[in-house]
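Novice: Below is a structure I'd like to ask you about.
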Amino acid sequence: MGEAVMFPLTFDHHESNGIIAENMNRDDDSWFEEVIDDDLKWSFALNSVLHKVISEYQDIVLLDTKRFGKALVIDGKMQSAESDEFIYHECLIHPPLLSHPNPKAVFIMGGGEGSTAREALKHKSIEKVVMCDIDQEVVAFCREHLTANKEAFCNKKLDLVINDAKIELEERKEKFDIIVGDLADPVEGGPCYQLYTKSFYQQILKPKLNPNGIFVTQAGPAGVFTHHEVFSSIHNTIKQVFKYVVAYTAHVPSFADEWGWVMASDAPFSIEEGKIDKKIRETINGELLYLDGASFCSLTILNKMVSSTLKNETHVYTEDNARFIHGQGVGKKCNL
Numbered sequence: 000m001g002e003a004v005m006f007p008l009t010f011d012h013h014e015s016n017g018i019i020a021e022n023m024n025r026d027d028d029s030w031f032e033e034v035i036d037d038d039l040k041w042s043f044a045l046n047s048v049l050h051k052v053i054s055e056y057q058d059i060v061l062l063d064t065k066r067f068g069k070a071l072v073i074d075g076k077m078q079s080a081e082s083d084e085f086i087y088h089e090c091l092i093h094p095p096l097l098s099h100p101n102p103k104a105v106f107i108m109g110g111g112e113g114s115t116a117r118e119a120l121k122h123k124s125i126e127k128v129v130m131c132d133i134d135q136e137v138v139a140f141c142r143e144h145l146t147a148n149k150e151a152f153c154n155k156k157l158d159l160v161i162n163d164a165k166i167e168l169e170e171r172k173e174k175f176d177i178i179v180g181d182l183a184d185p186v187e188g189g190p191c192y193q194l195y196t197k198s199f200y201q202q203i204l205k206p207k208l209n210p211n212g213i214f215v216t217q218a219g220p221a222g223v224f225t226h227h228e229v230f231s232s233i234h235n236t237i238k239q240v241f242k243y244v245v246a247y248t249a250h251v252p253s254f255a256d257e258w259g260w261v262m263a264s265d266a267p268f269s270i271e272e273g274k275i276d277k278k279i280r281e282t283i284n285g286e287l288l289y290l291d292g293a294s295f296c297s298l299t300i301l302n303k304m305v306s307s308t309l310k311n312e313t314h315v316y317t318e319d320n321a322r323f324i325h326g327q328g329v330g331k332k333c334n335l
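Residues in the sequence shown are numbered consecutively from 0, following numbering that gives the first Met the number 0.
Structure, rendered in structure tokens:
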């Protein structure tokens, strides 16, 4: 999700895309402001800033917030917050894995914090999870600070790779049952927007899926006022490549918006409440906090405004004709 400038009230110091506002006279007056649009900000109080770094690829901040716990912010966009990340990650991982007849191998593009791998590893049938993140900095400090994912990082089924996901998929000979796009939001100058394009989906990603394989990706804000930014375009682009495409959304409190996901396959989906609940009982170790059969079915029912936009969208993501959400990545800033 916005933009992270550090400044005492006495002066402005622009370090990234969001704003961390501090009153130097009071310890309890630190706030993070995410710039959602030119005329809209979302702010929350901080306990502390745990880590800040500008890596080769991204502007990275790990915050300890009063409301949402530890929060990972990349290029000024809220990526994940400790208190409600389970909503995002359960919605990303479990629908495709529960829809597949027998998922064994998963490839995660991005996912450096480890939460996506954690959810995938709950499935009893899983034999291998490849998590490929381009940024060692993200992976390193998430391993250190996000205690909820320590077991996932230590799991013998996890193959952690630091590389560009596009290159990694091209070079790997094996295929996967599930490929997951847990990528940063497409911002201009960011490292990920090319992994939302038709050419990538068609020429690189789809050939790496096994028969009955499923692709799923996070697809950006999907609220009444925000779904046209990238959600509808990502959905339409995927429709050009796969026969069966399902879009679904859920409210994520720390994102201050409805969020969207798209899953796709050349095999039809069977989304039935009873079947999903049965598979959850039989195939998953532990309890899910957010998803069950009824809730997932409900997530696929979009309101009239969003469903109409998706139906009528014509834009297709290409390298030369991409859509971006508000904000700028490190690459764009360096060229200013």
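Idealized CB from N, CA, C, for every residue including glycine.
1. Determine which residues share a DSSP beta bridge with Asn320 and list them.
2. Hey, out of Ser253, Asn148, Arg171, whose CA is closest to Gly113's CA?
3. Is it right to say Ile166 is buried, meaning 16 or more other beta carbons lie within 10 angstroms of its own, or is it exposed?
4. By Cβ distance, which residues of its chain are closer than 8 Å to Thr308, with the 5 residues on each side in sequence left out?
5. For Val48, which beta-bridge partners are listed by DSSP?
6. When you compare only the Cα positions, how much space is there between Glu271 and Ser29?
7. Quick one, which of Asp37, Phe67, Asp36 has its alpha-carbon nearest Asn46's?
8. Ignore the nearest five residues each way along the sequence and tell me which others in Gly273's own chain have a CB closer than 8 Å to its CB.
9. Would the segment 127–135 count as touching the segment 211–225 if we require 3 or more Cβ pairs under 8 Å?
10. Whose CA, out of Arg117, Tyr200, Asp176, Lys76, lies closest to the CA of Asn235?
11. Mark Arg322 as exposed unless 16 or more other C-beta atoms lie within 10 angstroms of its C-beta, in which case mark it buried.
12. Could you have a look at His325 and say whether DSSP puts it in helix, strand or coil?
13. Which partner residues of Phe214 appear in the DSSP bridge assignment?
14. Give the range of the beta strand (DSSP E) segment to which Gln135 is assigned.
15. Let's see if you can read the secondary structure: which residues bound the alpha helix (DSSP H) around Glu84?
16. DSSP puts Thr282 in a beta bridge; with which residues?
17. Identify whether His122 lies in helix, strand or coil by the three-state DSSP scheme.
18. Within 10 angstroms of the Cβ of Gln78, are there 16 or more other Cβ atoms? Answer buried if so, exposed if not.
19. Residue range of the alpha helix (DSSP H) that Ala293 falls in?
20. Out of Asp265, Leu290, Gly180, state which residue places its alpha-carbon closest to the alpha-carbon of Lys277.
21. Between the beta-carbon of Ile73 and the beta-carbon of Ala183, is there less than 7 Å?
22. Using 7 Å as the threshold, is the C-beta distance between His144 and Thr282 below it?
23. If you reduce the DSSP assignment to three classes, tell me which class Ile338 lands in.
24. Look up Met23 in the DSSP assignment and say whether it is helix, strand or coil.
25. Does the segment 258–266 come close enough to the segment 233–248 to have 3 or more Cβ pairs within less than 8 Å?
26. Roughly how many angstroms separate the alpha carbons of His99 and Asp38, rounded to a whole number?
27. Could you tell me the boundaries of the beta strand (DSSP E) in which Ala249 lies?
Specialist: Put simply:
1. Residue numbering aside, residue 320 sits at position 321 when the sequence shown is read from its first letter. DSSP, once it has assigned bridges, lists Thr317 as partnering Asn320.
2. For this step, residue 113 is matched to residue 114 along the sequence shown. If we check each option's Cα against that of Gly113, Asn148 comes out closest.
3. Stepping through the sequence shown from its first residue, residue 166 is reached at position 167. Burial call: exposed.
4. Working through the sequence shown from its first residue, we reach residue 308 at position 309. His226, His227, Ser231.
5. Position 49 of the sequence shown, counting from 1, holds the residue named residue 48. Answer is Leu62.
6. For this step, residue 271 is matched to residue 272 along the sequence shown. For this step, residue 29 is matched to residue 30 along the sequence shown. Rounded to whole angstroms, Glu271 to Ser29 spans 46 Å at the Cα level.
7. Start at 1 with the first residue of the sequence shown, and residue 46 comes out as number 47. Answer by Cα proximity: Phe67.
8. Along the sequence shown, one-based indexing puts residue 273 at 274. Here the set comprises Gly292.
9. no
10. In the sequence shown, the residue the question calls residue 235 occupies position 236. Residue Tyr200 is the option with its Cα nearest to Asn235.
11. The residue you call residue 322 lines up with position 323 of the sequence shown. Arg322 should be labelled buried.
12. Working through the sequence shown from its first residue, we reach residue 325 at position 326. Coil, per DSSP.
13. Residue numbering aside, residue 214 sits at position 215 when the sequence shown is read from its first letter. For Phe214, which the question treats as bridged, DSSP gives the partners Ile178, Ala263.
14. On the sequence shown, position 136 is the one that residue 135 refers to. Unbroken run through Gln135 is the alpha helix (DSSP H), 135–144; no beta strand (DSSP E).
15. Mapped onto the sequence shown, residue 84 falls at position 85. Note, Glu84: alpha helix (DSSP H), 84–98.
16. Locating residue 282 in the sequence shown gives position 283, where the first residue counts as 1. Paired residue(s): none; Thr282 is not in a bridge.
17. Counted from its first residue, the sequence shown places residue 122 at position 123. It is a strand residue.
18. Numbered from its first residue, the sequence shown carries residue 78 at position 79. Answer is buried; the Cβ neighbour count reaches 16.
19. What you label residue 293 is simply residue 294 of the sequence shown in a count that begins at 1. First-last of the alpha helix (DSSP H) with Ala293: 292–298.
20. Locating residue 277 in the sequence shown gives position 278, where the first residue counts as 1. Closest option to Lys277, Cα to Cα, is Leu290.
21. Position 74 of the sequence shown holds residue 73. Position 184 of the sequence shown holds residue 183. Yes; because the gap between Cβ atoms is below 7 Å, this pair is in contact.
22. Taking the first residue of the sequence shown as 1, we reach residue 144 at position 145. Taking the first residue of the sequence shown as 1, we reach residue 282 at position 283. Not in contact: His144 and Thr282 (Cβ atoms no closer than 7 Å).
23. Past the boundaries of the shown model lies residue 338; the chain is included only from 0 to 335, so the question cannot be answered.
24. Here residue 23 corresponds to residue number 24 of the sequence shown, with the count starting at 1. Any reading at Met23 is ruled out, since the residue's pLDDT is 32, under 50, leaving its predicted position unreliable.
25. yes
26. For the purposes of this step, residue 99 is taken as residue 100 along the sequence shown, with counting starting at 1. For the purposes of this step, residue 38 is taken as residue 39 along the sequence shown, with counting starting at 1. Taking the straight line from one Cα to the other gives about 43 Å.
27. Residue numbering aside, residue 249 sits at position 250 when the sequence shown is read from its first letter. Start and end: 243–251.
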